[in-house]
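Same order as they appear, the protein sequences are chains A and B. Mapping to this note's numbering: the first sequence position 69 is 69, numbers consecutive. Adding 1000 to a residue's 1-based position in the second sequence gives its number in this note's numbering. Heads up, the beta-carbon is just placed ideally off N, CA and C, and yes, glycines get one too. Reading through the structure tokens given below for one structure.
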Amino acid sequence: MTVLPRSLERLLSAHVTAGVGDIDAEWRAFVAEHTRLLLHVARSVSTNHDEAMDAYTFVLEQLRADDFRRLQDFAADPRSKLSTWLVVVARRLCLDLYRRRYGRNRGPNSHSHRSIRRRLQDLVADGLDFHDLPSVQGAGAELALRQAELHRALDDALATLTPHDRLVLRLRFDDDLSAQDIARLLDFPSPFHVYRHVNALLGRLRRTLEQRGVESAVP
Amino acid sequence: MRQSKLAIVTTSEHLSATDIAAFIDGSLPFADRARAELHLSSCDRCRQELAACARLTNSVPSAPRRLTTWPLIGFAAAVLLIAVVLRPSATHTDRAPSIERASTTASARMFAVFPLGDAVVPRSKLRFTWHRDDRSSGYRVIVTDASGGPTWSEDTPDTVATPPLTVRFDAGVRYFWRVEALHLDGSVAQSAEAPFRIGAE
């Protein structure tokens, strides 16, 4: 069972038994302990200083709202470290604020997302060159059809992998997570083991594509 | 309705903040983790959130230590002892003139080459270089601002990294950079943090 940090225990205890002054003091102590983490999260959502400070303030307001409801829910059933939970919750709150102000964007930067995805395709196909469909629409219907077939073949090959292996590749190539972060997240002994596993998976995908007759990038 | 104490992760429902945090910490029960991996392997939204939060969790800057007088004196005495009694033997190397000695990790040192010592660099010429680590399988360059907030980072197999011009660096502001080398045995070597500033073109 996860042990609650003392600052959280004291804050929630003061909320139940003590006066307003004590609650404020414990809240200030809690904020002081976690302010670096919360600022780090706020800055990750917006590099603009003023926006990041607005987001940081919003997160604190929401954590205190409804008699510290979120913190109470965490304390009632802690399944992770408080710091990890704060990162996730704070990030969601920052994104909520951002979307309220600027609307829901199209997700991750579309251009970089496509280029990262193309890296996976290039690595698997070892010289195959998958172009984005829109860029070849002017080049003829037959070319577009062949491109679509190549995309489907790669998706089919990915479907032959286990969920764990698909997750490894997606974290590496779709989300650009470092080998070190993947190793920590998915319990690999070291980043080197991640590199080795990714290379093995790419080889397997390559062989699957070859078995399905995908041997050349030329449509 | 109050949520059950058991982690409930289905393949169709998006992961809750609690589930994401537990996944990052490795504290999901085995069966729930398997279900979460199945969901994550096909859900871009949850997977992107997981990746972003994992990255943030692993990069939270640590609090600066407040040094009091006596520990500082003790540290200075230890440094003096090492410098006088345990002089490192001189060996021939082809180090570049402006090398900043790296802080040691348990396994190895990394040597940043440029920029060092609060160097002022025009934005268009900003490029990070360091010495090769023969045991390395790759490097990660990390740039932060004065408060430790992340500015830019990149994984590379080379010993040089250039931040794209789309990454913003403010003129006159002090930044800090360091480089980490991933070794094949899983250990990591890290250079000391070096300050630099962006100057006029």
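query, result
"Where does residue 77(A) fall in DSSP's three states?", "coil"
"Nearest CA to the CA of residue 67(A): which residue from 16(A), 42(A) and 94(A)?", "16(A)"
"What do you get for residue 197(A), buried or exposed, if any count of 16 or more other CB atoms within 10 angstroms of its CB means buried?", "buried"
"Taking the CB atoms as reference points, tell me whether residue 1201(B) and residue 1176(B) lie closer together than 8 Å.", "no"
"The beta strand (DSSP E) with residue 1197(B) in it runs from where to where?", "1194-1199"
"Kindly confirm or deny that the stretch 183-203 of chain A and the stretch 1161-1180 of chain B touch, where touching means at least three C-beta pairs closer than 8 Å.", "no"
"Which residues in the same chain have their Cβ closer than 6 Å to the Cβ of residue 188(A), if we skip the five residues on either side of it in sequence?", "194"
"Residue 1182(B) by DSSP, collapsed to three states: which one?", "strand"
"Can you check whether the C-beta of residue 1165(B) is within less than 8 Å of a C-beta belonging to chain A?", "no"
"Using DSSP bridges, identify the partner residues of residue 1175(B).", "1145(B) and 1196(B)"
"Residues in the stretch 1140-1156 of chain B with C-beta within 9 Å of chain A's C-beta atoms, listed in sequence order?", "1140, 1145, 1147, 1148, 1149, 1150, 1151, 1153 and 1155"
"If we ignore side chains and look at the alpha-carbon of each, how far apart do residue 191(A) and residue 173(A) end up?", "15 Å"
"Going by CA-CA distance only, name the one from 167(A), 87(A) and 213(A) that's closest to residue 1061(B).", "87(A)"
"In terms of residue numbering, what span does the alpha helix (DSSP H) encompassing residue 1019(B) cover?", "1017-1025"
"When the Cα atoms are used, what is the spatial distance from residue 47(A) to residue 211(A)?", "47 Å"
"Excluding the 5 residues flanking residue 1157(B) on each side, which residues of the same chain have their C-beta closer than 6 Å to its C-beta?", "1138"
"Mapping DSSP to helix, strand and coil, what is residue 1117(B)?", "coil"
"I'd like to know whether the C-beta of residue 22(A) is nearer than 8 Å to at least one C-beta of chain B.", "no"
"In three-state DSSP terms, what is residue 1062(B)?", "coil"
"One question on the structure: do residue 1018(B) and residue 85(A) come within less than 8 Å of each other, judged by their Cβ atoms?", "yes"
"Looking only at its chain, what residues have a beta carbon closer than 7 Å to the beta carbon of residue 76(A), apart from the 5 residues adjacent to it on each side?", "none"
"What's the call for residue 13(A), buried or exposed, on a 16-neighbour Cβ count within 10 Å?", "exposed"
"On the CB-based measure, 16 or more other CB atoms within 10 Å of its CB, does residue 63(A) come out buried or exposed?", "buried"
"Would you kindly work out how many angstroms separate the C-alpha atoms of residue 1015(B) and residue 163(A), rounded to a whole number?", "16 Å"
"On the DSSP bridge assignment, give the partners of residue 1128(B) in chain order.", "1161(B)"
"Hey, residue 1126(B) and residue 1164(B): beta-carbon distance below 8 Å or not?", "no"
"In this structure, does DSSP put residue 208(A) in helix, strand or coil?", "helix"
"Verify whether the separation of the beta carbon atoms of residue 11(A) and residue 26(A) is less than 8 Å.", "yes"
"Just the chain A side, please: which residues come within less than 8 Å of residue 1198(B) by C-beta, in chain order?", "Those within 8 Å of residue 1198(B) in chain A number zero; the least Cβ separation is about 15 Å."
"Please confirm if residue 1190(B) has its CB atom under 8 Å from at least one CB of chain A.", "no"
"Have a look at residue 158(A) and residue 1154(B) and give me their C-alpha separation to the nearest angstrom.", "27 Å"
"From the DSSP output, read off the bridge partner residues of residue 1155(B).", "1140(B)"
"Output yes or no for whether 8 Å exceeds the beta carbon distance between residue 1055(B) and residue 181(A).", "yes"
"Output yes if chain A places a C-beta closer than 8 Å to the C-beta of residue 1135(B); else output no.", "no"
"Beta-carbon of residue 1007(B) versus every beta-carbon of chain A: anything under 8 Å?", "Its pLDDT being 44, under 50, residue 1007(B) is placed unreliably by the model, and the measurement read from it follows with that caveat. Closer than 8 Å to some Cβ of chain A, the Cβ of residue 1007(B) qualifies, so yes."
"Tell me, which residues are paired with residue 1150(B) by DSSP?", "1144(B)"
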